[in-house]
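> Take this structure, written in structure tokens, and hold onto it; I'll ask about it next.
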Amino acid sequence: MKPTVGQEVPELVKHPTTRQLVQYAGAQGDFYEIHYDQAYAKSVGLPGVILHGLLKAAFLGQLVTDWLGDRGTLKAFEVSYRGVDQPGRPYRCRGQVKKVAGDQVEIEVWGEDSEGNRTTLGTATVEMNG
Amino acid sequence: MTTAASVVERLRERIGVAAPATQSTVEAGHLKRFAEAIGDTNPRWLEEAPPTFLVALSPAAYHLEEAEEYGKGWLNGGNRFEYFEPVRVGDRVTATGRVADVYEKTGSSGNLLFIIFETEYLNQHGRTVARLRGTAIRR
């Protein structure tokens, strides 16, 4: 079935924990202290440790690849981080088809914090199999 | 302010200059640990790199010491990936990063320094597999 404009991508809800941030820090090799050291995070004006932007990007990437499956290929993926997110709170990934031009499909994706604020905005461009 | 201005000037001299290339092999164990860390259990990622994996091979923003004289912390502003070919276990990936732009902006809570990084990833066949653009912010 071909995607159509306005179609919603089935949502993906993640439950990040401080443990996951440490796990991700190791897997990515990003050991910036704001992701696991509460005192350090507060000393630079943050509410506490926060999620890696790229972890949120990975969540949104999964949203797209889960939906796409083997029906097509991801060609471009862009995310912009608009707010900080803390572990221990659900992170809701959502998306909607914005544009369909032949086999090229553009999907708007976003991540919402527990209050419904869109803290990550993005776009995925996929090419559907002909 | 004079210090901040000179940091910006020094960083601007880096625009367009490529950092030394880094080479790494995509290891099955690393892919598995990465997929576990992001909580994506799709078995496809045991063989193939998920969308954001390349940042684990080479940092999205290579270390710029002088930038740390500006503000008190880093923020990631955004990332843009372009994909040309899949990356799989065993691929040897060469990443070359460069500073694409450096500029200052005045935000609601003070001045911010923006550093735009671009990284190009090539596989063992010399073909570009992906490009990444990242916006690092000092605040």
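Protein chains in written order, with this note's numbering: chain A, 1 to 130; chain B, 131 to 269.
Even for Gly, the Cβ is constructed at its ideal location relative to N, Cα and C.
Quick caveat: nothing in here was measured; it's all calculated off a predicted structure.
Apart from the five residues just before and just after T17(A), which ones in its own chain have a Cβ nearer than 6 Å to its Cβ?
P87
> Among R268(B), R228(B), V259(B), E198(B), which has the Cα closest to the Cα of T76(A)?
Reading off the sequence shown, one finds Ala at residue 76(A), where the question assumed Thr. The candidate whose alpha carbon is nearest that of A76(A) is V259(B).
> Measuring only between beta-carbons, confirm whether T17(A) sits less than 8 Å from chain B.
no
> Taking three-plus beta-carbon pairs below 8 Å as touching, is the stretch 146-160 of chain B in contact with the stretch 87-101 of chain A?
Here the stretch 146-160 of chain B does not lie against the stretch 87-101 of chain A, with fewer than 3 beta-carbon pairs under 8 Å apart.
> For the stretch 95-120 of chain A, which segments carrying the beta strand (DSSP E) assignment without a break, of at least 3 residues, lie completely within its bounds, in sequence order?
Taking only runs of at least 3 residues, the beta strand (DSSP E) segments lying wholly in the stretch 95-120 of chain A are 104-112.
> 8 Å is my cut-off, CB to CB: does N241(B) come that close to chain A?
no
> Taking a Cβ distance cut-off of 7 Å, strictly less, list which residues of the stretch 142-159 of chain B are near chain A, in chain order.
none
> Could you please give me the residues that DSSP links to P236(B) through a beta bridge?
Rather than Pro, the amino acid found at residue 236(B) in this sequence is Thr. Answer is N241(B).
> My output table needs one value for V79(A): the three-state DSSP class, helix, strand or coil.
strand
> Give a yes or no on whether 8 Å exceeds the smallest Cβ distance from N253(B) to chain A.
No, N253(B) lies away from the interface with chain A (no Cβ there is under 8 Å from its Cβ).
> Determine which residues of the stretch 195-214 of chain B have a Cβ less than 8 Å from any Cβ of chain A, and write them out in chain order.
From the stretch 195-214 of chain B, only K202, G203, W204, L205, N206, G207, G208, N209, R210, F211, E212, Y213 have a Cβ closer than 8 Å to chain A.
> Are at least three pairs of beta-carbons, each pair with one atom in the stretch 198-207 of chain B and one in the stretch 170-189 of chain B, less than 8 Å apart?
no
> Counting only the same chain and skipping the five closest in sequence on each side, list residues whose C-beta sits under 6 Å from that of T132(B).
Bear in mind that a pLDDT of 49 at T132(B), under 50, signals an unreliable position, so the number given afterwards is only what the model happens to contain. Excluding sequence neighbours, T132(B) sits near nothing in its chain.
> Please state whether DSSP places G53(A) in a helix, a strand or coil.
The DSSP-derived three-state label of G53(A) is helix.
> Decide if G61(A) is buried, meaning its Cβ has at least 16 other Cβ atoms within 10 Å, or exposed.
buried
> Considering Cα atoms alone, identify which of W110(A), V49(A), K56(A) is closest to Q38(A).
Q38(A) has its Cα closest to that of V49(A), out of W110(A), V49(A), K56(A).
> Please confirm if A39(A) has its CB atom under 8 Å from at least one CB of chain B.
no
> Name the chain B residues that come within less than 7 Å of L55(A), Cβ to Cβ?
I168
> Give a yes or no on whether the minimum CB-CB distance between V101(A) and chain B is below 8 Å.
Val is not the amino acid found at residue 101(A); the sequence shown has Ala there. For A101(A), the answer is no, since every Cβ of chain B falls outside 8 Å of its Cβ.
> Let's see if you can read the secondary structure: which residues bound the alpha helix (DSSP H) around T18(A)?
18-28
> When burial is assigned at 16 or more other CB atoms within 10 Å of the CB, is F164(B) buried or exposed?
buried
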